[in-house]
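Notes follow once the structure below has been shown.
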């Protein structure tokens, strides 16, 4: 199995199904965990040097930090509802308590923090939505914690890709600290498939092919992109959702296209199919 792929494993006693740390990934900034909690199950996150973004992928919860109590967080019961998510930003040095009020799929995004901004609730109406691409390269994006939102390190976004389409494409990279052209950002992809027995493909590769790995990714798997390009392709019959976490020394998403495929962004690429109805999230209708 690729060292860049972490497959789903049954929940441990805390409900954790994925745990990516800087040490396990071999990088410096991004940490990522997923918890599957039953109703009335709780978990506590102790103060640390990281800031957190808790994304309710599915389900509802009651969430508390030392300064705030949020009794009702979350709405959608599946990411494939395509409604905007609820999230909670937890500043560096704050603890956080989560009590699941329904079955809960919780993503915990981590990166080094400075405590600059207070913990806060991120409501669906604060999450930006945009459509990118066209034809068989179309996707719907929810910007949960973009570089225009307040945080020290974290960038968090979720992406929906229809069956038989590509995403994170044309291939792009952000592995060089060279602003304003490009920033160095480590990245994780948490994949969901609908129906769940499906799989998608993801390739991570560099220009010189010193890194070149292609992976079949099943439901609830995590792919790590330490450097290079990292496109995703879905198969007929299976829609894709993925949650991206990025962080690096500069909190700005600046990237470089792979020159060979940049033409896909131009009128030289004619869409071969019409836009489907479900590309719009319910929250946009």
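Numbering (the numbering used here), first residue to last: 8 to 292.
C-beta atoms are modelled at their ideal positions from N, C-alpha and C, and glycine is treated no differently.
Task: Buried or exposed (CB count within 10 angstroms, at least 16 for buried), residue 273 - done: Exposed.
TODO: Grab the span of the beta strand (DSSP E) containing residue 119 for me, first residue to last.
DONE: 111 to 119
Task: Contacting residues, own chain, Cβ-Cβ under 8 angstroms from residue 24 (five flanking each side not counted) - done: 15, 16, 17, 18, 41, 42, 43 and 227
- [ ] Report the residue from 100, 81, 85 and 198 whose alpha carbon sits nearest the alpha carbon of residue 121.
- [x] If we check each option's Cα against that of residue 121, 100 comes out closest.
TODO: Rounded to whole angstroms, what's the CA-CA distance from residue 151 to residue 37? Just pull it up for me.
DONE: 16 angstroms
Open item on the list: Is the separation between the beta-carbon of residue 77 and that of residue 95 shorter than 8 angstroms?
Closed with: Yes, the Cβ-Cβ distance between residue 77 and residue 95 is below 8 angstroms.
TODO: Would you mind stating whether residue 246 and residue 169 have Cβ atoms separated by less than 8 angstroms?
DONE: yes
Task: Close Cβ partners of residue 52 (< 6 angstroms) along its chain, the five nearest in sequence each way excluded - done: 103
Task: Distance, residue 136 Cα to residue 47 Cα - done: 31 angstroms
Task: Alpha-carbon to alpha-carbon, residue 75 and residue 213 - done: 44 angstroms
Task: DSSP three-state assignment for residue 78, whether helix, strand or coil - done: strand
Task: Those runs of the beta strand (DSSP E) which lie wholly inside the stretch 170 to 237 and span at least 3 residues - done: As far as the stretch 170 to 237 is concerned, its whole beta strand (DSSP E) runs of at least 3 residues are 193 to 201, 206 to 212, 219 to 225 and 229 to 232.
TODO: Would you be able to state if there are at least three C-beta pairs under 8 angstroms between the stretch 156 to 171 and the stretch 182 to 191?
DONE: Too few Cβ pairs lie closer than 8 angstroms, so no.
Open item on the list: Rounded to the nearest angstrom, what separates residue 158 and residue 192 at their Cα positions?
Closed with: 15 angstroms
Task: Coarse secondary structure for residue 137, derived from DSSP in three states - done: strand
Task: Three-state class that DSSP yields for residue 47 in the structure shown - done: coil
Task: Which of helix, strand or coil DSSP assigns to residue 20 - done: coil
Task: Sub-8 angstroms separation of residue 115 and residue 251 beta-carbons - done: Cβ atoms of residue 115 and residue 251: not closer than 8 angstroms.
- [ ] Hey, could you find the ends of the beta strand (DSSP E) residue 126 is sitting in?
- [x] Looking at the DSSP string, residue 126 is not in any beta strand (DSSP E), and its letter there is neither H nor E.
TODO: Compute the Euclidean distance between the alpha carbons of residue 109 and residue 208, then round it to the nearest angstrom.
DONE: 31 angstroms
Open item on the list: Just to confirm, is the Cβ distance from residue 211 to residue 237 under 8 angstroms?
Closed with: yes
Open item on the list: Relative to the C-alpha of residue 179, which candidate in 31, 118, 112 and 269 has its C-alpha closest?
Closed with: 269
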